[in-house]
Amino acid sequence: MRYVLIPLLLAGPVFADCPAVPDTSADRAALLSQLKVAPDPAAAQVLNAQLWEIWLTAPDARAQGMLDGAVERMRLGDLDRAITELDALVSYCPDYAEGYNQRAFAYYLKQDFAPALEDLDRALAILPEHIGALSGKGLTLIGMGRAAAAQEALRAAVDLHPWLSERALLVEPPGQEL
156 MRYVLIPLLL
166 AGPVFADCPA
176 VPDTSADRAA
186 LLSQLKVAPD
196 PAAAQVLNAQ
206 LWEIWLTAPD
216 ARAQGMLDGA
226 VERMRLGDLD
236 RAITELDALV
246 SYCPDYAEGY
256 NQRAFAYYLK
266 QDFAPALEDL
276 DRALAILPEH
286 IGALSGKGLT
296 LIGMGRAAAA
306 QEALRAAVDL
316 HPWLSERALL
326 VEPPGQEL
């Protein structure tokens with residue numbers, strides 16, 4: 156019996172739970188408020204980069220390593236390995252929205268839109284104001300041929316970030332100006 160327990164004790168960190176995702180709601184809300192009134196694209200870009208810094212900060216070093224590794228794999232075009240790393244990340248930290256958002260991006264790059272949309276919905280269930288996930292949802296829905304739903308997601312993203320480049324994809328509804 157003691158020989159069975161030794162490997163389990165040594166494997167402790169492998170079975171560790173992801174710590175709670177830090178509450179960054181006040182910082183995000185402040186940045187989103189500033190972003191809505193940003194006077195120009197350059198000012199908006201600075202605020203958007205600060206939001207991405209928050210979103211891309213994982214709950215602990217282990218999760219950060221998984222995320223950073225997956226992002227690097229995507230940069231290198233190794234989407235399958237990125238997805239495998241992101242599978243591990245969302246299993247380890249199921250409440251961390253960026254794990255789902257980045258996995259959705261990898262699926263999107265593979266043009267595998269159904270799982271991308273599922274992951275984007277998961278990310279948005281955790282962080283409804285995640286501009287990247289909202290715009291990604293719009294682009295994914297365009298890829299799926301679902302133009303009306305895409306417009307809804309893109310409008311939600313542009314409502315949060317008026318200088319968002321995906322604004323160019325919005326179609327003006329009859330009788331309304333963008």
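The sequence shown begins at 156 in the working numbering and counts up by one.
Cβ coordinates follow ideal geometry from the N, Cα and C atoms, glycine included.
- [ ] Go through its chain and collect everything with a Cβ distance to residue 340's Cβ below 7 Å, but skip five positions before and after it.
- [x] Missing from the structure shown is residue 340; the chain here goes from 156 to 333 and no further.
TODO: Could you name the residues of the same chain whose beta carbon sits closer than 7 Å to that of residue 218, not counting the 5 residues immediately before and after it, in chain order?
DONE: Counting from 1 along the sequence shown, the entry for residue 218 is found at position 63. For residue 218, where only same-chain residues beyond five positions count, the Cβ hits under 7 Å are 173, 244, 247, 248 and 251.
Task: Residue burial classification, residue 227 (beta-carbon count within 10 angstroms, cutoff 16) - done: Along the sequence shown, one-based indexing puts residue 227 at 72. Exposed, because fewer than 16 other Cβ atoms sit within 10 Å of the Cβ of residue 227.
Open item on the list: Taking only three categories from DSSP, how would you classify residue 308?
Closed with: Stepping through the sequence shown from its first residue, residue 308 is reached at position 153. Helix at residue 308.
TODO: Look at the Cβ atom of residue 241, then the Cβ atom of residue 257, and state whether they are nearer than 7 Å.
DONE: As a working note, residue 241 is residue 86 in the sequence shown. As a working note, residue 257 is residue 102 in the sequence shown. Closer than 7 Å, so yes.
Task: Selection from 184, 185, 321 and 179 that minimises the alpha carbon distance to residue 214 - done: Translated into positions along the sequence shown, residue 214 becomes position 59. If we check each option's Cα against that of residue 214, 179 comes out closest.
Task: Rounded distance between the beta-carbons of residue 296 and residue 288, thought under 8 Å - done: Translated into the one-based positions of the sequence shown, residue 288 becomes position 133. Translated into the one-based positions of the sequence shown, residue 296 becomes position 141. No, residue 288 and residue 296 are not in contact; Cβ-Cβ is about 12 Å, not under 8 Å.
- [ ] Take residue 196 and list the residues in its own chain whose beta-carbon comes closer than 6 Å to its own, dropping the five residues that flank it on each side.
- [x] Locating residue 196 in the sequence shown gives position 41, counting from the first residue. Taken in chain order, the residues that qualify are 318.
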